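In what follows, a structure is listed as structure tokens, so that the remarks can point back to it.
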Amino acid sequence: MSNLFAAVGLEGAVLSRRVRLFALGAVVGAALVVLAVAFAAFAAYLALLAWLAPWQAALCVGGAALLLGAILLFVAARSLGRAVDQFQVAVKTNALVRAAPIAARLAVRSPRLIAALAAALAAVVALIRTFGERPRPKPEPQPPA
Numbered sequence: 100m101s102n103l104f105a106a107v108g109l110e111g112a113v114l115s116r117r118v119r120l121f122a123l124g125a126v127v128g129a130a131l132v133v134l135a136v137a138f139a140a141f142a143a144y145l146a147l148l149a150w151l152a153p154w155q156a157a158l159c160v161g162g163a164a165l166l167l168g169a170i171l172l173f174v175a176a177r178s179l180g181r182a183v184d185q186f187q188v189a190v191k192t193n194a195l196v197r198a199a200p201i202a203a204r205l206a207v208r209s210p211r212l213i214a215a216l217a218a219a220l221a222a223v224v225a226l227i228r229t230f231g232e233r234p235r236p237k238p239e240p241q242p243p244a
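Heads up: the sequence shown begins at 100 in our numbering, then just goes up one per residue.
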């Protein structure tokens, strides 16, 4: 795995340690949030018992928890999708920056024209892969005059 990190210019040991620390913090934080939500739900249930029957209070608390969970899942899915896209662009850009000097040295040192053409072709392909996958914004429709 460290060879993969090194290929794209990332420090494998440092990144791995940071990922482990982040995962540990996320698990502890998630456990505390679950505990806090359980206490809050129980408190809401007890408060609703003053006005509603027990089964109605339980349905209200469960429905509210279900709605809150659905909203949080939607927000998390959108955020994760954006983060993955940004990471992929960063990795491609970093790989391009690391490969460009090597391709340039190969083109300058080699007396053969085929090596220079291969280096230029590799740079063009890397540029197309890096910058060619972004969605183009759609033009806004103009109101009829």
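Glycine included, C-beta positions come from ideal geometry on N, C-alpha and C.
Please read all numbers here as calculations on a predicted model, not as lab measurements.
With distances taken from CA atoms, which of the options is nearest residue i?
i      : options                           : result
Pro200 : Ala222, Ser115, Leu171 and Leu179 : Ala222
Phe88  : Trp154, Arg177, Arg116 and Ala164 : Limits of the chain in this structure are 100 at one end and 244 at the other, which puts residue 88 out of reach.
Ala189 : Arg228, Ala219 and Leu120         : Arg228
Cβ of residue i within 7 Å of Cβ of residue j?
i      : j      : result
Ala156 : Leu148 : yes
Express the C-alpha separation of residue j and residue i in angstroms, rounding to a whole number.
i      : j      : result
Gly128 : Leu171 : 15 Å
Tyr144 : Leu167 : 16 Å
Ala176 : Gln241 : 33 Å
Leu123 : Glu239 : 46 Å
Asp184 : Ala225 : 17 Å
Thr192 : Leu131 : 38 Å
Ala125 : Pro243 : 53 Å
Pro153 : Val133 : 23 Å
Met100 : Arg197 : Because the pLDDT at Met100 is just 49, under 50, the model does not fix this residue reliably, and the value given afterwards should be weighed accordingly. Their backbone Cα atoms lie some 18 Å apart in a straight line.
Ala182 : Lys237 : 22 Å
Residue i: beta carbon under 6 Å from a heavy atom of the ligand ZN?
i      : result
Ile170 : Judged by which ligands are present, the structure shown has none, so any question about the ligand ZN falls away.
* Are the segment 127 to 147 and the segment 159 to 173 touching, with three or more C-beta to C-beta distances below 8 Å? -> yes
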